[in-house]
Every structure is written in structure tokens, then in C-alpha cells.
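Have a look at the structure below, then the notes.
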């Protein structure tokens, strides 16, 4: 998928991670030429670099994928960061080209301009709306407490929670982008086209 997006800070970080991986690979090749060289110690380093690269890339492309569909990317980012810090579970659906009417079990109408404070209040533990998904179209929160179709896909050997299965399920049936925050780990990710990608959040 072609994406035209300009975010200089994330691009710079992507380049740095790629350079670090490239240097580690070159050092591994040199180590192979040495009789006493051992690569076992470098594998974990390279693996962790690839993991970091995936997270940086996902955050970069998240902005690219959202920009044409909502001007509220910054509010979404702030809300996700705050929710992740507090380990408050969240599920946020951003409509793109496909209509989602037939895929959602309608929740409670909101009809308000999206803001990070409103998103955080919806997902505050104990809120009557916090268990379902928030549905975003353009710059508006259309509704909350929506029910999404669940995916049956297993990711690796991990059993996914309901929020992650719902995020994947909708992304399998539409081009929607679905952001999910785990209340167990505080980690954030987004689902698109049936796959999950990690998002950078503060440690």
C-alpha cells in the first residue's frame, strides 16, 4: 500500500533504527570470519532492534493512515498515551472509506467533536460506556459502547483478549483502523486489514 506521509522526527528515528540493525548485521558477518567469533550474543540485540523498529514504523504509519480521514490525530494520540499510562482499556474505531453501518452493533449516540478529554472520560473505569468501542467518523465521535464482530484468528501462541479480537474482527471485514489499549499490560496497538501493529507509548 502506497502511503505519502511526512513526519520528520519519526522518519529520522526509523532511519536510525535501520542503521543500527545494518551495523549489527555487518558486525555479525565480520564475526563469522573470525575463528573465535560467536553470533549467539548478537541475536538478542538484533531481535530487540527489529522489535523497536516495528513499533516506530507502526506509529509512523498510523499517522499516515489516519491523516486523510480525521484532523483529530493529535487528540487520538494523546488519549491513547494517557489511557496506556493508566492501563485503562480502550477500543476506538476510525471509519475510513468503507461504511461501517452493517458491521457495528450500534451503541449509544454521542455526536460530539472528538477530543482527548472526551475519549478519556468515555473509557474511565466504571463509565457506562467504557466496555464497548467508540466509533469515530471524520472529526466526530459518532457513538460509544458499540459491539464489533470478533475475529477467530490466533496471533502466535497468544490467546487474544476480547478487545483485540474485536479490533481484528472489524479490520478483517472493512478498511477501518481500530486502536486498542490493553488494560492488562497498558500496551497500545492498532488493527488494520486483519493484522495488529504496536504503537509507541511512554514507558
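Numbering (this note's numbering), first residue to last: 3 to 205. We put the beta carbon where it would ideally sit given N, CA and C, even for glycine.
CB contact check: residue i to chain B, cutoff 7 Å
i	result
residue 108	No chain B appears in this structure, which consists of one protein chain only.
Residue i (DSSP reduced to helix, strand or coil)
i	result
residue 89	coil
residue 22	helix
residue 197	strand
residue 190	strand
Which listed residue (the options) has its alpha carbon closest to that of residue i
i	options	result
residue 67	50, 97, 175	97
residue 147	28, 138, 192, 189	138
residue 150	16, 64, 166	166
residue 172	195, 162, 161	195
residue 79	131, 181, 103	181
6 Å Cβ shell around residue i - same chain, five flanking residues per side excluded
i	result
residue 186	none
residue 86	183, 188, 190, 203
residue 111	145
residue 109	134, 145, 146, 147, 148
residue 193	169, 170, 173, 180
residue 15	58
Separation of residue j from residue i, as counted between CA atoms
i	j	result
residue 94	residue 47	34 Å
residue 51	residue 32	19 Å
residue 89	residue 125	11 Å
residue 123	residue 129	8 Å
residue 29	residue 169	40 Å
Spatial neighbours of residue i in its chain, beta-carbon cut-off 7 Å, leaving aside the 5 residues before and after
i	result
residue 141	72, 73, 74, 115, 116
residue 120	114, 143
Proximal residues to residue i (C-beta, below 8 Å), its chain only, five neighbours per side dropped
i	result
residue 44	26, 29, 30, 33
residue 77	116, 117, 118, 121
4 or more residues per run - each alpha helix (DSSP H) lying fully within the region 93 to 161 | The qualifying runs are 118 to 124.
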